[in-house]
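A.B. asks: Shown below is the structure under consideration.
There are 2 protein chains.
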Amino acid sequence: MATIVDVAKHCGVSTATVSMVLRDKGRISDKTRQRVLQAIDELGYVYNQTAANLRNQHSNQIGLLLNDITNPFYSEMTAGLSQEMEDNDLMLFLANSEDAVARQKKFIESLLSQKAGGLVLCPAKGTDQKFLATLKRRQLPVILAVRDIEGTDYDYVGTDNFYGGQLVTQHLLDLGHRHIAFIGGDKASKNRASRMGGYMSKLIEHNITPQLGWMATCPATRNGGAAAMETLLKHHPEVTAVVCYHDIVAFGAIRTLRQHQLEPGKDIAITGFDDVPEAADTYPALTTISVSAREIGRRAGEALLERIRGNTEPQKRIIIPPKLVIRQSCGYTDPNDNG
Amino acid sequence: MATIVDVAKHCGVSTATVSMVLRDKGRISDKTRQRVLQAIDELGYVYNQTAANLRNQHSNQIGLLLNDITNPFYSEMTAGLSQEMEDNDLMLFLANSEDAVARQKKFIESLLSQKAGGLVLCPAKGTDQKFLATLKRRQLPVILAVRDIEGTDYDYVGTDNFYGGQLVTQHLLDLGHRHIAFIGGDKASKNRASRMGGYMSKLIEHNITPQLGWMATCPATRNGGAAAMETLLKHHPEVTAVVCYHDIVAFGAIRTLRQHQLEPGKDIAITGFDDVPEAADTYPALTTISVSAREIGRRAGEALLERIRGNTEPQKRIIIPPKLVIRQSCGYTDPNDNG
DNA sequence: CTGAAAGCGCTTACAG
DNA sequence: CTGAAAGCGCTTACAG
């Protein structure tokens, strides 16, 4: 395996020169550059990034930690980030925390040990500021994505969950619904709290008292949504519409509806959050909040790049405005006809 | 930042000793080990993997190249592989080729430059043996996943596409269908050819002449499926059932069906391939071929680990048997009633 | 515009 | 069971 030394010898220059043409740095005469390039070609030289990493004290690698890559929302986000990284010759380390802080910690320690250049973090449930503070000390640039953490000064890229919750609830109210439930999500989830906050604020605005029984937590999965809908149906038959924590929960809830021969959009209105690709293709297609996961990934990548390049501006919070996407899962007609 | 040298000095041993306790190698007396561990703790020493990578001439990093991480099939596979990697303290590089050989090449070159330990490759469309042969020379362990390439001796993990195509076609034939179409997938796709081969073999077995007009290629996306179904409906109204290249194509096709007020499973039978999570939650739920993407990811990881550890057995081909999953998209009743 | 040389932080072969 | 030292292949500060 040829090294930079071989290349240098082969064309009678120093290794410094070779290194410089390799990275387009410093002033090298065109003639020398050509000679070096040719030697590289002739020797089949391959740049050894591991040596550069050691010498540079940092690598061209960045991490992405997700809770659940299996959720299409995160796949889309990953695609957006991956694109951004590729365009900048950075390599992307991927790991799935599955919402376990222990896994998260392990991954981040590997990152540190690899001298990774940065991290896009969708923090696992239960991540505390203290943990982030230790990260801070280690000088690793971090961008928080999707899930915010209070009391940190890392940049954050996400959406306005409160407003999204309002948007979807207002839509249901406009359609005439008065008995509106909210299901799904973890009790400790801040995003859930915000979405539910938006939901409740709209109920109040319309003089409807939020009922505790209308609000149920559940794992943010298809099965979680299905189970939550099951108990909701049993105990609160008065409900005519349900706001789901996100699309995946909604899909599970719809499954339960169908098992009860209830038609979403006709017998009961249902909404999601995220606007995952599948949402447009279910039957009826899901009315939901579009959050542009891909855009979140892209913007997180951009923000991370800036930090890696040494930008030390104060904390930035990039909030991508949510949009209501009206499809068929809330029907077209006056819901009072059915409820 | 403390190094191994600092640790060694701090407890009066050599760096060799520290290195050895760090990696649980060689014989170190328990007393020495304890002293070293304590020094590490006291100094807040962090192992520098980049130095180890340079010294070892290879890293603890492996690559995963996908065509489309946005397809839930690949997300599931990624989750399976990621799990396997984590269990073995390997880091996973992810990249999306989007079926462009140029991107694929670039990623693999980065991997080589990083001295990655191996690669799980879902080759991009148009990958030729020649390219794989050069990889071979570079000594990078590679496992092919999902898409096979002829004329290479790399291990392969995938499913039996031909048999899967047969399974689904036989099901449709059993239900009484005689005019069965096959839509979706790229003309050059080997997997598509195999699935379609299975489909045709079953038609022939039942004395049905496969019609060219019943078989349409299309991009393997939702929109591709939707468009293909559109033209099929227009030109071949005699068709009562359609085998889709995979689930995502089927979801797009179903969208078109709905737009024409056609009910899948009643007016027309439709099947998928992959058994993506969504398939169980669409309405009607999709009859499809289960391929266990997660298992493919896991097995690919296992196979790669073996190769990394120096196993030089001849090429291994791991074929995970496909299973027919009957749901509602082909109906329950005699399809002749409708067609 | 180019060269000589130190050093990044490990691991391992060798000696004891 | 442990130590001294070479070397992995780069990059950069310095000198010219």
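As they're listed, the protein sequences go chains F and W.
By the UniProt record's numbering, the letter at position 2 of the first sequence is numbered 2, and the numbering carries on one by one without gaps.
By the UniProt record's numbering, the letter at position 100 of the second sequence is numbered 100, and the numbering carries on one by one without gaps.
Heads up, the beta-carbon is just placed ideally off N, CA and C, and yes, glycines get one too.
Since this is a predicted model, take the numbers as computed values, not measurements.
Check whether chain F comes within 8 Å of W:R327, counting only Cβ atoms and requiring the distance to be less than that.
C.D. replies: no
A.B. asks: Could you tell me the distance, in whole angstroms, from the CA atom of W:T256 to the CA atom of W:G331?
C.D. replies: 18 Å
A.B. asks: Please confirm if F:T70 has its CB atom under 8 Å from at least one CB of chain W.
C.D. replies: yes
A.B. asks: List the residues of chain F whose Cβ lies closer than 7 Å to the Cβ of W:R222, in chain order.
C.D. replies: P277, D281
A.B. asks: Please give me, in chain order, every unbroken run of the alpha helix (DSSP H) with length at least 4 that falls completely inside the stretch 64-146 of chain W.
C.D. replies: Unbroken alpha helix (DSSP H) stretches of 4 residues or longer found wholly inside the stretch 64-146 of chain W: 72-87, 101-113, 129-137, given in chain order.
A.B. asks: Taking contact to mean 3 or more Cβ pairs, one atom from each stretch, closer than 8 Å, check whether the stretch 95-107 of chain W and the stretch 297-315 of chain W are in contact.
C.D. replies: no
A.B. asks: As an exercise, report each continuous beta strand (DSSP E) stretch of at least 3 residues that is fully enclosed by the stretch 159-188 of chain F, in chain order.
C.D. replies: 180-183
A.B. asks: Helix, strand or coil: how does DSSP classify W:T271 here?
C.D. replies: strand
A.B. asks: Specify, as a first and last residue, the run of the alpha helix (DSSP H) that F:S194 falls within.
C.D. replies: 190-205
A.B. asks: Going along chain F in order, which residues have a C-beta closer than 8 Å to the C-beta of W:L54?
C.D. replies: N48, T50, A51, N53, L54
A.B. asks: In chain order, what residues of the same chain have a beta carbon less than 7 Å from the beta carbon of F:L304, not counting five sequence neighbours either side?
C.D. replies: Excluding residues within five positions, the ones whose Cβ falls inside 7 Å are I62, G118, V120, P141, I143.
A.B. asks: Assuming F:R147 and F:C122 are in contact, meaning their beta carbons sit under 8 Å apart, how far apart are those beta carbons, in whole angstroms?
C.D. replies: 5 Å
A.B. asks: By a C-beta neighbour count over all protein chains shown, 10 Å radius and 16 as the cutoff for buried, is W:E84 buried or exposed?
C.D. replies: buried
A.B. asks: Beta-carbon within less than 7 Å of F:S19's beta-carbon, same chain only, minus the 5 sequence neighbours each way: which residues are those?
C.D. replies: I4
A.B. asks: Please classify W:A16: does DSSP put it in a helix, a strand, or coil?
C.D. replies: helix
A.B. asks: Can you list the residues of chain W that F:R258 reaches, using a CB-CB cut of under 7 Å?
C.D. replies: Result: Y283.
A.B. asks: Identify whether F:C11 lies in helix, strand or coil by the three-state DSSP scheme.
C.D. replies: In the three-state reduction of the DSSP assignment, F:C11 falls in the helix class, which pools H, G and I.
A.B. asks: Closest to W:A300 by CA distance: which of W:G185, W:E238, W:A8, W:A79 is it?
C.D. replies: W:A79
A.B. asks: Name, please, each residue of chain W whose Cβ falls closer than 8 Å to the Cβ of F:I254.
C.D. replies: D281, Y283
A.B. asks: With distances taken between CB atoms, is the gap from F:Q328 to F:A269 smaller than 8 Å?
C.D. replies: No, the pair does not count as a contact, with Cβ atoms beyond the cut-off.
A.B. asks: Does the count of Cβ pairs from the stretch 277-293 of chain F and the stretch 49-66 of chain F closer than 8 Å reach three?
C.D. replies: no
A.B. asks: Check the DSSP bridge columns for W:Y245 and list the partner residues they point to.
C.D. replies: DSSP output for W:Y245 lists no bridge partner at all.
A.B. asks: Please report the straight-line C-alpha distance between residue 340 of chain F and F:D87, rounded to a whole angstrom.
C.D. replies: In the structure as shown, chain F starts at 1 and stops at 339, and residue 340 of chain F therefore has no counterpart that could be examined.
A.B. asks: Are the C-beta of F:A95 and some C-beta of chain W separated by less than 8 Å?
C.D. replies: yes
A.B. asks: If you follow the alpha helix (DSSP H) that W:I308 is part of, which residue opens it and which one closes it?
C.D. replies: 293-308
A.B. asks: Answer with yes or no whether the minimum CB distance from F:T288 to chain W is below 8 Å.
C.D. replies: no
A.B. asks: Within the same chain, show all residues whose beta-carbon is closer than 8 Å to that of F:T17, passing over the 5 residues directly before and after it, in chain order.
C.D. replies: A8, I28, T32, V36
A.B. asks: How big is the Cα-Cα spacing for W:G185 and W:Q49?
C.D. replies: Whole-angstrom Cα-Cα distance: 43 Å.
A.B. asks: Is the beta carbon of W:S201 closer than 8 Å to that of W:N161?
C.D. replies: no
A.B. asks: Which residues of chain F have a Cβ atom closer than 8 Å to the Cβ of W:F251, listed in chain order?
C.D. replies: E278, D281
A.B. asks: Identify the contact partners of F:S110 in chain W, using a Cβ-Cβ distance below 9 Å as the criterion.
C.D. replies: Q49, N60, D89, M91
A.B. asks: With burial defined as no fewer than 16 other Cβ atoms inside 10 Å of the residue's Cβ, what is the status of F:E205: buried or exposed?
C.D. replies: exposed
A.B. asks: With 16 other CB atoms within 10 Å as the buried threshold, where does F:S75 fall?
C.D. replies: Burial check for F:S75: the Cβ neighbour count within 10 Å reaches 16 or more, so the residue is buried.
A.B. asks: Quick one: is W:S19 near chain F, going by C-beta distance under 8 Å?
C.D. replies: no
A.B. asks: Using 8 Å for Cβ pairs, my map puts W:V157 next to W:T271. What's the rounded Cβ distance?
C.D. replies: Contact annotation, W:V157 with W:T271: C-beta distance approximately 24 Å; criterion of less than 8 Å not satisfied.
A.B. asks: Using a Cβ-Cβ cutoff of 9 Å, what residues of the stretch 181-193 of chain W are near chain F? List them in chain order.
C.D. replies: Only those residues of the stretch 181-193 of chain W whose C-beta falls short of 9 Å from the nearest C-beta of chain F would be listed, and there are none.
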